[in-house]
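Report on the structure given below.
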Amino acid sequence: MRKILVIYYSRSGNTEKMAKAVAEGAKSNPNITVDLSYHIEAEDLANYDAIIVGSPTYHTQMPIDFKNLFEEASAKRINLKDKIGSAFGSYGWSGEAPQAVIEILKKLGFQVIEPPIRAKYSPDQKALDECADLGKKVARQLSDKQ
Ligand SMILES: Cc1cc2nc3c(=O)[nH]c(=O)nc-3n(C[C@H](O)[C@H](O)[C@H](O)COP(=O)(O)O)c2cc1C
Numbered sequence: 630m631r632k633i634l635v636i637y638y639s640r641s642g643n644t645e646k647m648a649k650a651v652a653e654g655a656k657s658n659p660n661i662t663v664d665l666s667y668h669i670e671a672e673d674l675a676n677y678d679a680i681i682v683g684s685p686t687y688h689t690q691m692p693i694d695f696k697n698l699f700e701e702a703s704a705k706r707i708n709l710k711d712k713i714g715s716a717f718g719s720y721g722w723s724g725e726a727p728q729a730v731i732e733i734l735k736k737l738g739f740q741v742i743e744p745p746i747r748a749k750y751s752p753d754q755k756a757l758d759e760c761a762d763l764g765k766k767v768a769r770q771l772s773d774k775q
């Protein structure tokens with residue numbers, strides 16, 4: 630069974646709503662296992678076929694935990710090549726973080742799905758639908774690979 634990780638950080642719950650929608654979309658595919666989590670050890674990233682990262686923007690940055698996670702994965706030479714990756718996140722005004730995540734995923738060798746999905750503050754239904762569609766799309770791509 631192919632596995633998707635939806636990993637997110639969320640201080641006030643907005644990116645969390647998006648993460649749940651992404652995970653629900655992916656889970657609608659019966660061939661796929663989906664884990665939704667806010668923490669993972671770098672070594673465990675290797676267990677997944679796709680990793681979708683939910684990152685709000687704080688002080689123009691992604692959360693330091695994500696930076697550390699990907700730096701550790703790189704330093705430990707954890708092989709993430711050709712996994713599917715994407716990003717999403719809530720923001721207030723500048724919203725740089727999801728694209729910054731995408732750039733890191735590319736450097737790590739992921740096949741990324743762009744553009745990342747962004748929602749201003751609390752995601753509206755349109756944004757949640759886009760998140761569910763992202764989950765479905767990633768799941769479909771993994772099913773097609775089998
Ligand atoms: C201290 C602080 C700094 C922030 N900095 C930014 C920023 O640089 N750019 C931006 O677009 N939004 C910024 N925001 C807005 C958050 O990204 C926004 O509230 C978002 O919905 C938070 O998502 P979350 O509920 O998933 O934590 C900031 C919010 C706070 C409280």
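Going from the sequence shown to our numbering is simple: count from 1 and add 629.
Heads up, the beta-carbon is just placed ideally off N, CA and C, and yes, glycines get one too.
Item: Length-filtered (4 minimum) alpha helix (DSSP H) runs lying within the stretch 676-731; Value: 693-704
Item: Serine 772 - containing alpha helix (DSSP H), residue span; Value: 754-774
Item: Neighbour-count burial assignment, alanine 675, 16 or more Cβ in a 10 Å radius; Value: exposed
Item: Delimiting residues of the beta strand (DSSP E) encompassing alanine 650; Value: First-last for alanine 650: 643-656, but that is the alpha helix (DSSP H), not the beta strand (DSSP E).
Item: Beta carbon of alanine 655 nearer than 7 Å to that of valine 663; Value: yes
Item: Buried/exposed call for proline 744, threshold 16 Cβ in 10 Å; Value: exposed
Item: Heavy atom of ligand 1 within 6 Å of histidine 668 beta-carbon; Value: no
Item: Distance between beta carbons of valine 730 and valine 651, contact taken as under 8 Å; Value: No, valine 651 and valine 730 are not in contact; Cβ-Cβ is about 13 Å, not under 8 Å.
Item: heavy atom of ligand 1 below 6 Å from arginine 640 C-beta; Value: yes
Item: Alanine 704 classed as buried or exposed, judged by whether at least 16 other C-beta atoms fall within 10 angstroms; Value: exposed
Item: Whether lysine 646 touches tyrosine 677 by CB criterion (7 Å); Value: no
Item: C-alpha distance - serine 772 paired with glutamate 701, whole-angstrom precision; Value: 29 Å
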